[in-house]
Each structure stands twice: as structure tokens, then as C-alpha cells.
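Here is the structure we will look at.
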Amino acid sequence: MASSFLLRRRVSSLGVVSRSLHGNMEHRWLHLESRIEALVTLFGATRKFSSGTGTTKFDFTDLTCPHTWYPNARRKHRKVILHMGPTNSGKTHNALKQLQSSSSGIYCGPLRLLAWEVAKRLNKAKVPCDLITGQEREEVDGAKHKAVTVEMADVTSDYQCAVIDEIQMLGCRTRGFSFTRALLGISADELHLCGDPAAVPLIQEILRVTGDEVEVQFYERLSPLVPMKVPLGSFSNIQTGDCIVTFSRRDIYRLKRKIENGGKHRCSVVYGSLPPETRTRQATMFNDTSSDFDVLVASDAIGMGLNLNISRIIFSTMKKFDGIEMRDLMVPEIKQIAGRAGRYGSKFPVGKVTCIDAEDLPLLHSSLESPSPTLERAGLFPTFDLMHMYSRVHPTNSLHQILEHFLDNAKLSENYFIVDCEEMLKVAAVIDELPLGLHDKYLFCISPVDMGDEISSQGLTQFAQNYANKGIVRLREIFTPGTLQVPKTQTALKELESIHKVLDLYVWLSFRLEDSFPDHELASSQKAICNLLIEEFLERLGWQKPKARRLPSRARMNSLLSKDIRQHL
Ligand SMILES: Nc1ncnc2c1ncn2[C@@H]1O[C@H](COP(=O)(O)OP(=O)(O)OP(=O)(O)O)[C@@H](O)[C@H]1O
Ligand SMILES: [Mg+2]
1 MASSFLLRRR VSSLGVVSRS LHGNMEHRWL HLESRIEALV TLFGATRKFS SGTGTTKFDF
61 TDLTCPHTWY PNARRKHRKV ILHMGPTNSG KTHNALKQLQ SSSSGIYCGP LRLLAWEVAK
121 RLNKAKVPCD LITGQEREEV DGAKHKAVTV EMADVTSDYQ CAVIDEIQML GCRTRGFSFT
181 RALLGISADE LHLCGDPAAV PLIQEILRVT GDEVEVQFYE RLSPLVPMKV PLGSFSNIQT
241 GDCIVTFSRR DIYRLKRKIE NGGKHRCSVV YGSLPPETRT RQATMFNDTS SDFDVLVASD
301 AIGMGLNLNI SRIIFSTMKK FDGIEMRDLM VPEIKQIAGR AGRYGSKFPV GKVTCIDAED
361 LPLLHSSLES PSPTLERAGL FPTFDLMHMY SRVHPTNSLH QILEHFLDNA KLSENYFIVD
421 CEEMLKVAAV IDELPLGLHD KYLFCISPVD MGDEISSQGL TQFAQNYANK GIVRLREIFT
481 PGTLQVPKTQ TALKELESIH KVLDLYVWLS FRLEDSFPDH ELASSQKAIC NLLIEEFLER
541 LGWQKPKARR LPSRARMNSL LSKDIRQHL
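Position 257 (the sequence shown) corresponds to 257 in full-length UniProt numbering; numbering is contiguous.
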């Protein structure tokens, strides 16, 4: 499988970027320069800015007034409606009703899956809606509505209505700043925020300086959630509609096999590094009562985003490795996951929740009874414009140095924290070696690369090197179509998931540097093939009823793929 990607760690000679190949960038730079001048004006006439002499009185690291970064939104008197309540209480449903009946609008969600679902819902209701995520642009004729992932929220257009879902994520250590940006920056007459009541005081405090009108609506759960007094005990007690929650992929596959070996149930799986398309299809199979897949084994990736017909959530553990240490699950995590059981309107109107081991029950019960701790601060990150202005005054600084400077010196009001940008720093350390402009470097830094994944990080390095050297990155230079296979082991599966991440990264870059990453179609079709091969692996794994295999793998794939994609097989 690894031979599919000829990833090289180093390219010996670094060429000079061909400007002609970057023609489309020139226009963007001119536009950026004028925006920067406008920003300098906006930040106050009393502060002096001089890029020519290298002296300035402008404090770029003063981030105490982030609401002033968004003049469009500040010109509006926004009506902000907070829909606050537990999971499954109809918050998003009600906000979407407003969006649907507005003349123009935008939905911003934390996940691609949520944006897909909203675009589908609006289009079905005959409200044309574009879908825009980092990796998708599906434009619908006449659309005045958009469903986007929060990072893609547009803060330059005007909307009648906007929705930001799962707004409590503004406290997220890494992605919080995107929610803060949407909250402060979206220019809409009506802004609907859906989420956990723990975010209410902070949002009210943040919006105190914007002049917006704020109204809070509290919601109750639409269906009961019953914490069980008894643990699952034996696996023979697993029933149709159960969802077993665990946090490592190894445990997910171990539990799937264990349950399927019992001979009574088949398991769909959902976890973070599965491609989103595969996650959706696994969820669809679980929801479909006519399929064999009646039990779900999942990580906390089900906490948000998927509509699942779960009867009972069963925690296999109440501990999780958070990248640094094994720790107990926190109250909001437990409530978010447990709340998935008993979705309103599904065939399981009462949700139940328990653990495999009796010793975990006290933590489960106490957490479900506790309110989530109040959010204290929202994530913030300097805009690219600020970093660019700083770099004009300190032209020798690398992006890594610029980022570190902002991290070390940022001045913040008490409502904000600077988000963790470890991942960006890792990319910057690689990219700073290349002859690229600041904007290009920044683009690679904010790309959806997983630097903890060796194949994914090597993919990024090679894309950046080829881009810097030649100005054009052909997918075939590092990837040989036709070599992907159904994985036979979990190691091979993990590798295929990583290859999917690299292809996803290519697609992401192709939307931003269209001329330099021209193989958008090929990358998309190879991604689709990865999804099918991963699904084929999942179907082959574990116990199977004799009738379970419907079609031989190649025939099934051909039946699902378009002619365009089949030619790459
Ligand atoms: N008034 C309603 N009529 C019909 N269905 C509804 C209504 N309100 C909510 N639902 C359905 O109930 C389910 C839960 O609603 P919704 O997704 O809005 O909850 P939520 O509070 O946003 O939950 P979460 O915290 O999980 O995001 C959805 O399937 C939704 O379509
Ligand atoms: Mg919701």
C-alpha cells in the first residue's frame, strides 16, 4: 500500500518559485495590500505604521478588541438569539426553521457532516443552498443560502439570517478561534447560536461591546434520557440499537469482532479518522432497519453531527487518552455522548445509558446530573492580515518566528485565550525552509494536515516542496492511481486512511491554489475509491451471515462508481 505514495523526505535542490505560474496570486496580493491599509486605518489614526523604515508604534499583538476586526458586522445592529439546552432538545431544528424562512442565510457547523445534512435539508425544502467546506464546493443555481464548516464562514457578505451550531466550541483549545471569528464577524440581521447553556455568560459578555441585541431561549430535552442502575455485564446482553463507546481504534475493532463473534449482531463503526463519507455510510447502515447492521461501535466522533437511531449508549470505559495522558471523561463529553441515545422522532423514543463495568456507573450518574462548567474564555488567533503587517515591519522573521512572537506577546482581554497552534508551528518549521511567500506558508499552516500522522505530514511536505520548486504539483508524481487495494490488516487500513488524508489535503489545496494543484478530479476520485475500499474492509471483518456478501467487491465498486472514477481503478 505504501508504494502508492512515493513520498520523499527531502528534495535536494530548492528552486525559485516561478511567478508566472502564480499569476493568479498577484491579484490576491494587491487586494490584500489594500485591505491591510484599510485595516491600519481601522485600527486607529493615532497609531503610526511604517513598513518602509521598519519602525512602528502600532502594536500588532494588541488583540484586546477583536470585535473591531469585522467592520461589516459592526455596521449592523444584529439580533442574536441563543438556543441553549441539552442534546436532543430541538435547538438546531428551531434555528434552521428560521434560516429556511429567511431570504438569505448561512449555516456554520463544526463538522462537514453537519454542513452536508443542512444543505440536504434546505435543498429538499426547495430552498437552494450551496455546500461549502474546506474540501467541497457544491453550488446550486440561484442559491442565497450556504451551509459551511465554521472555518469557511464568510465575514464579508451580508445575510438576513445566520446560524452557528455547537457554539460552545468557541472554548475549544484548537478550533475555538473559528467560532469566535464567526460570532464576531458574521454580518447578519439575525444570528442564531445553538449550544450548551454553559456558554451563555461568556457570549453575553463578548457581545456587550458589539451593540447587538441578545435574547436567550432555553430548551428541554424532547425525549427522556434514563441512566441505568445496572451495568451491561455480559456481552450476551447486547441488543439491537445499542451503541458501545470506546476511544481507541484498536478497541473499536476488538469490540466489533467480539460482538459479531456472538453470532447475533453485526456492527457498524464510527471513529474520527474514518473518512467522513465512510462514517456517514456506516451510520446509514446502522439506522437502516432492513440492514444486518443493528449495533454501533463508536468513539466520541458520534458526539456531534450524525443523526443516529440509538436506543442505549454503553460506555466501555470512562477514560480517554487526550494526546498527553489517560484521563477521566469530562462532564460535557459524557453528556454530549450519552445524549445521543433516544433521538426524538426515532423508533427509540426513550434513551438509556450505562457502562460495561459497574465501577464506572457512579461517574456516569454524577456527570449526567451536573451542569457543564461555565465557559470562561473564547479562543482567539491573530488574523493573517495582522501577521502580514507585522512581517512587513520585521521582514526577516520566518512564519514560525512570527507565530511565536504573537503567542508570547499577545495582549488579550479576559474573555479570550490564544488557541493552541502546536500543529501550525510544526508545519511552519517545515515550510519556512522553502522559498515561499508568507501567504503561501500560512495557507499550508492552516491546511487540514495531521502532523501526527507520518504519511499525512510527508504528503504535506512533498506538496509544499513541489509547489515551491516548480509552482505546479501533479498528483501522479507522488501517487500511482490503480494501486489501491482492499486492506487485509488493520495496519494496512490505517495506511489507507492516511492516504485518504493526503488526497483530502490535495483537494483542499486545489480549491485555494487551483492552477498549481490541477488534479482536483483525480484526487477526488481516488478519495472515493479509498472510501469504498475501507468499507469493503469493514464488511469483510468479523462474522458474516452466509448471505451477507451481496456482490463481489469489484463488481460492487463498479456499480457504485461513476465511469469517470472507474477509469482510475
Ligand atoms: N419541532 C420538531 N418537530 C419535529 N422534529 C423535531 C422537532 N424538534 C426537533 N426535532 C428533531 O429532533 C431531533 C433532535 O433535534 P435537534 O437536532 O434540533 O436537537 P439539538 O438540541 O440541536 O441536539 P444536539 O445537541 O444533539 O445538536 C432531530 O432529528 C430533529 O429533526
Ligand atoms: Mg444541534
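The C-beta atom is built at its ideal place from N, Cα and C for all residues, glycine as well.
Residue closest to residue i, alpha-carbon to alpha-carbon, out of the options
i, options, result
"cysteine 421", "Leu436, Glu414, Leu399", "Leu399"
"proline 382", "Asn397, His365, Asn409", "Asn409"
"residue 573", "Lys124, Leu443, Pro435, Gly437", "The structure shown has nothing for residue 573, since the chain only spans 1 to 569."
"glycine 195", "Leu306, Pro332, Val507, Gln100", "Pro332"
"proline 371", "Gly109, Pro197, Lys124", "Pro197"
"methionine 424", "Leu403, Ile418, Val295", "Leu403"
"arginine 78", "Cys161, His93, Gly272", "Cys161"
"leucine 380", "Pro349, Ala358, Ile418, Leu407", "Ile418"
"lysine 76", "Asp62, Val118, Val200, Glu213", "Glu213"
"aspartate 357", "Ile244, Thr174, Leu368", "Ile244"
"glycine 85", "Lys319, Glu376, Ala147, Ser223", "Ser223"
"alanine 143", "Val230, Gly134, Ala125, Val155", "Ala125"
Distance between residue j and residue i (C-alpha atoms, nearest Å)
i, j, result
"cysteine 65", "leucine 207", "12 Å"
"leucine 475", "histidine 83", "45 Å"
"leucine 364", "methionine 285", "28 Å"
"proline 373", "leucine 183", "21 Å"
"phenylalanine 321", "aspartate 328", "9 Å"
"aspartate 59", "proline 71", "19 Å"
"alanine 411", "arginine 181", "Here residue 411 turns out to be lysine, not alanine, going by the sequence shown. If you take the alpha carbons of lysine 411 and arginine 181, they lie about 17 Å apart."
"threonine 149", "cysteine 267", "29 Å"
"leucine 386", "isoleucine 302", "36 Å"
"serine 299", "methionine 389", "42 Å"
"aspartate 141", "proline 128", "7 Å"
"isoleucine 446", "arginine 257", "38 Å"
"asparagine 309", "isoleucine 337", "13 Å"
"serine 178", "valine 216", "22 Å"
"glycine 459", "threonine 61", "33 Å"
"tyrosine 159", "valine 507", "28 Å"
"serine 157", "isoleucine 186", "8 Å"
"glutamate 433", "threonine 461", "11 Å"
"isoleucine 287", "phenylalanine 348", "Residue identity differs from the one stated: residue 287 is asparagine in this sequence, not isoleucine. About 11 Å."
"glycine 342", "lysine 91", "16 Å"
"isoleucine 132", "lysine 146", "7 Å"
"threonine 317", "methionine 326", "11 Å"
Reduced DSSP secondary structure (H/G/I, E/B, other) of residue i
i, result
"glutamine 160", "strand"
"cysteine 129", "strand"
"valine 473", "coil"
"phenylalanine 511", "helix"
"phenylalanine 235", "helix"
"methionine 304", "coil"
"methionine 326", "strand"
"alanine 143", "coil"
"alanine 410", "coil"
"lysine 264", "coil"
"aspartate 385", "helix"
"lysine 501", "helix"
"aspartate 440", "helix"
DSSP bridge partner residues for residue i (one or two, in chain order)
i, result
"proline 227", "Val353"
"threonine 149", "Gly109"
"tyrosine 416", "Ala378"
"valine 80", "Leu191, Val214"
"arginine 250", "DSSP, once it has assigned bridges, lists no residue as partnering arginine 250."
"cysteine 243", "Leu296, Ile313"
"residue 574", "The chain is shown only over 1 to 569; residue 574 falls outside these bounds and no answer can be derived."
"alanine 468", "Answer is none; alanine 468 lacks a bridge partner."
"phenylalanine 517", "According to DSSP, phenylalanine 517 bridges with nothing at all."
"glutamate 138", "Leu131"
Same chain only: Cβ atoms within 6 Å of residue i, ignoring 5 sequence neighbours per side
i, result
"asparagine 531", "Pro275, Glu277, Thr278"
"valine 163", "Ala95, Leu99, Tyr107, His192"
"methionine 228", "Lys352, Thr354"
"glutamate 136", "none"
"leucine 493", "Pro487, Phe537"
"serine 273", "Glu497"
"serine 457", "Met451"
"glycine 109", "Ala115, Asp165"
Same chain, Cβ closer than 8 Å to residue i, neighbours up to 5 away in sequence not counted
i, result
"leucine 113", "Pro276, Arg279, Thr280, Gly305, Leu306"
"serine 3", "Unreliable placement is indicated for serine 3, whose pLDDT of 39 sits below 50; the coordinate value is still reported in the next sentence. Hits under 8 Å: Thr480, Thr483."
"valine 449", "Glu423, Val427, Ser456, Ser457, Gly459, Leu460, Lys501, Leu505"
Sequence-distant residues of the same chain with beta carbon closer than 7 Å to residue i, five excluded per side
i, result
"valine 473", "Phe463, Asn466, Tyr467, Ser516, Phe517"
"aspartate 360", "Phe315, Met318"
"aspartate 242", "Val295, Ser311, Arg312, Ile314"
"glycine 134", "Thr149, Glu151, Met152, Pro448, Trp508"
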